[in-house]
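Protein chains in written order, with my numbering: chain A, 202 to 428; chain B, 202 to 428. Worksheet: one structure, shown below.
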DNA sequence: ATATCGTTCAAACGTTCGTTTGAATCGATT
DNA sequence: AATCGATTCAAACGAACGTTTGAACGATAT
């Protein structure tokens, strides 16, 4: 007779979420079938539909579980910075660090599965499946608005349009870094143990992004024109 | 009696490639079925397997068709710069422009479908499907090696490890920009007509990337420490 | 003990997938 | 006009997909 394991409440739910996070990251949403997912989680095939309703709803649940706390933490860090500043504009790099630190912290966090998620997230920004992107945009909107406002106060002389683009670039660099850090090795040469060191990565990224954000507007001075 | 259209040689092949590029971009690889693909291309369901062998082989063909000329053009531009420089190291921004210009030119090119491809490409870097990524890395390897060498000559005092990371960041910014320019609007505010202006985009990107590449190594000077 | 509620289970549902098949049709060559 | 290789066609293949079903189960409360 088969043993039925005694499980704490919601054990099945969270195990499905954990495994889904992992498999979605490694194979993508579509390529992850309910059968391989439930098998890997050691739950019955029908468990996903019972607990979440559908596969799509599971995808949404995977994102919601992590994204809300993440953005809350980002906003809390920004709140703290602004409280300390007593109404003065913040240093641009401090804002940048407040934004990227939360993500990078999770890169180093192998145990809780945060690393898997943050990679999944970085990849999903550029994914075509529309309802997922819409959800993410919606969950992110309040956070990006707050950071946009902080940057505008910190850089009053930078034209808004230019700021929007540079935020776009910064966001791209971050999400690509999160998504591709150990899947893409187009530029070989980085030491593997280095790639997951959140502290070192924050330094590198903060330096790069701050310089980019504060860059002088482009002119062709000193650049030999090609063609 | 049904008319059979008279087609130039390889018409079917190229039409499949064009439609595949488009559909892969909009829905992803897995979500694009052979049936919708062949229907959109107005060819028989069996045509893909006849001309390409399998769906995977079609994906590979889609990338090969565009990637080889793209990288050839990049290398030609770098060759030209180096010939003009007479052995002197190049200006970093000139190298950056040589790399990004080819991609950005295609963003503006709606007619030939280059824009669709370059978005597809940008997205695929972070995709999990392994054989595709391996193929792209392999097709890109000679190009990135040449550019890496050019950067090393241009920036002899930048530690190699730091250079590798910054190339990684630059690459990420570019590919995210290509992939997400009109699919993600996390940072609202950019004028839509602006997003496809290759010339303006090159200026913005070149300014951002050059500053990032040349950034001073990170120290915490002037940054109020949080926590 | 019995009823109840949330959960798990094996089995099956209809649909869609990528691929294969063998005949029909085309244009070019004898 | 007959032949031949290349291409297109309609139809079918087995496999895998997400989801549904109804019974079995376990713990808790009556």
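C-beta: ideal position from N, C-alpha, C; glycine also.
Proximity winner among A:266, A:269, A:344, relative to residue 299 (chain A) (alpha-carbon distances): Closest by alpha carbon: A:344.
Leaving aside the five residues before and after residue 252 (chain B) along the sequence, list all residues of the same chain whose C-beta is less than 6 Å from its C-beta, in chain order. Excluding positions up to five away in sequence, the list reads 214.
Assign residue 288 (chain A) to buried or exposed, taking buried as 16 or more other Cβ atoms, counted over all protein chains shown, within 10 Å of its Cβ. In the assembly as shown, residue 288 (chain A) is an exposed residue. Its beta-carbon has fewer than 16 other beta-carbons within 10 Å.
Should residue 237 (chain A) go down as buried or exposed, given a rule of 16 or more other Cβ atoms within 10 Å for buried? Residue 237 (chain A) counts as exposed, since fewer than 16 other C-beta atoms from the protein chains shown sit within 10 angstroms of its C-beta.
Using a C-beta cutoff of 8 Å, does residue 376 (chain A) count as contacting chain B? True, the Cβ-Cβ gap to chain B drops below 8 Å.
Provide the residue span of the alpha helix (DSSP H) that contains residue 406 (chain B), from first to last. Segment 399-414, the alpha helix (DSSP H) holding residue 406 (chain B).
With a threshold of 8 Å, are at least 3 pairs of Cβ atoms found where one atom belongs to the region 294-310 of chain B and the other to the region 365-380 of chain B? As far as the Cβ criterion goes, the region 294-310 of chain B touches the region 365-380 of chain B, which means the pair count is three or higher.
Which first and last residues belong to the alpha helix (DSSP H) in which residue 304 (chain A) is found? The continuous alpha helix (DSSP H) containing residue 304 (chain A) extends over residues 293-309.
Residue 329 (chain B) to residue 230 (chain B), Cα distance in whole Å? For residue 329 (chain B) and residue 230 (chain B), the distance between alpha carbons rounds to 11 Å.
Let me see if you follow: with CB-CB separation under 8 Å, is residue 305 (chain B) close to chain A or not? Taking 8 Å as the CB threshold, residue 305 (chain B) stays off the interface with chain A.
For the structure I just gave you, are there three or more beta carbon pairs, one from the region 252-270 of chain A and one from the region 348-359 of chain A, closer than 8 Å? Because the criterion of three Cβ pairs below 8 Å is not met, the region 252-270 of chain A and the region 348-359 of chain A do not touch.
Just the chain B side, please: which residues come within less than 8 Å of residue 324 (chain A) by C-beta, in chain order? Those are 327, 328, 329, listed as they occur along chain B.
Using 8 Å as the Cβ pair cut-off and three pairs as the minimum, do the region 239-251 of chain B and the region 273-289 of chain B touch? The region 239-251 of chain B vs the region 273-289 of chain B: no contact.
Excluding the 5 residues flanking residue 295 (chain A) on each side, which residues of the same chain have their C-beta closer than 8 Å to its C-beta? The residues are 282.
In angstroms, rounded to a whole number, what distance separates the CA positions of residue 337 (chain A) and residue 264 (chain A)? Using only the alpha carbons, I get a separation of about 8 Å.
So the alpha helix (DSSP H) residue 228 (chain A) belongs to, where does it begin and stop? Membership of residue 228 (chain A) in the alpha helix (DSSP H) is indicated by the continuous run 212-228.
Quick check on residue 246 (chain B): buried or exposed, where buried means 16 or more other Cβ atoms within 10 Å of its Cβ? Residue 246 (chain B) should be labelled exposed.
Cβ of residue 205 (chain B) within 8 Å of any chain A Cβ: Unreliable placement is indicated for residue 205 (chain B), whose pLDDT of 42 sits below 50; the coordinate value is still reported in the next sentence. It does not; no Cβ of chain A falls within 8 Å.
Hey, out of B:223, B:335, B:290, B:256, whose CA is closest to residue 235 (chain B)'s CA? Selection B:223, B:335, B:290, B:256 evaluated against residue 235 (chain B) yields B:256 as nearest (Cα-Cα).
Can you tell me whether residue 362 (chain A) is buried or exposed? The criterion is at least 16 other CB atoms within 10 Å of its CB, across all chains shown. Burial call: exposed.
So that I know if they touch, is there some Cβ in chain A lying closer than 8 Å to that of residue 273 (chain B)? So, not an interface residue.
By the criterion of Cβ-Cβ separation under 8 Å, what are the contact partners of residue 231 (chain B) in chain A? Listed along the chain, the chain A residues whose CB falls inside 8 Å of the CB of residue 231 (chain B) are 229, 231, 232.
Between residue 216 (chain B) and the rest of its own chain, which residues show a CB-CB distance below 6 Å, the 5 nearest in sequence each way excluded? Taking residue 216 (chain B) as the centre and dropping the five residues before and after it, the same chain places the C-beta of 242 closer than 6 Å to its C-beta, in chain order.
With a cut-off of 8 Å on the beta carbons, I'd call residue 414 (chain A) and residue 347 (chain A) a contact; round off their distance for me. Going by Cβ atoms, the distance from residue 414 (chain A) to residue 347 (chain A) rounds to 17 Å, so no, they are not a contact pair.
Top-ranked residue by Cα proximity to residue 321 (chain A), from A:416, A:212, A:211, A:228: That would be A:228, whose Cα lies nearest to the Cα of residue 321 (chain A).
Mind listing the chain A neighbours of residue 415 (chain B)? Cutoff is C-beta to C-beta under 9 Å, in chain order. Here the neighbours are 412.
Of all the options B:232, B:370, B:269, which has the alpha carbon lying nearest to the alpha carbon of residue 319 (chain B)? Each of B:232, B:370, B:269 was checked against the Cα of residue 319 (chain B), and the nearest Cα belongs to B:269.
Leaving aside the five residues before and after residue 401 (chain A) along the sequence, list all residues of the same chain whose C-beta is less than 6 Å from its C-beta, in chain order. None.
Are there 16 or more other CB atoms within 10 angstroms of the CB of residue 405 (chain A), so buried, or fewer, so exposed? By the C-beta density criterion, residue 405 (chain A) is buried, having at least 16 other C-beta atoms within 10 angstroms.
Whole angstroms are fine: how far does the CA of residue 315 (chain B) sit from the CA of residue 309 (chain B)? Distance between the alpha carbons of residue 309 (chain B) and residue 315 (chain B) is about 8 Å.
Closest to residue 249 (chain B) by C-alpha separation, out of B:220, B:267, B:226, B:272, would be which residue? It is B:220.
Close Cβ partners of residue 333 (chain B) (< 8 Å) along its chain, the five nearest in sequence each way excluded: Closer than 8 Å at Cβ, skipping near neighbours: 230, 260, 261, 264, 325.
Any heavy atom of the ligand ZN inside 7 Å of the beta-carbon of residue 343 (chain B)? Of ligands this structure carries none, so the ligand ZN is not represented either.
Roughly how many angstroms lie between the CA atoms of residue 212 (chain B) and residue 222 (chain B), to the nearest whole one? Just so you know, the alpha carbons of residue 212 (chain B) and residue 222 (chain B) end up roughly 15 Å apart.
Return the residue from the list B:351, B:410, B:365, B:342 that minimises the CA-CA distance to residue 370 (chain A). Checking every option, the nearest Cα to that of residue 370 (chain A) belongs to B:410.
Would you report the Cα separation of residue 284 (chain A) and residue 407 (chain B), rounded to the nearest angstrom? Roughly 35 Å between the two C-alpha positions.
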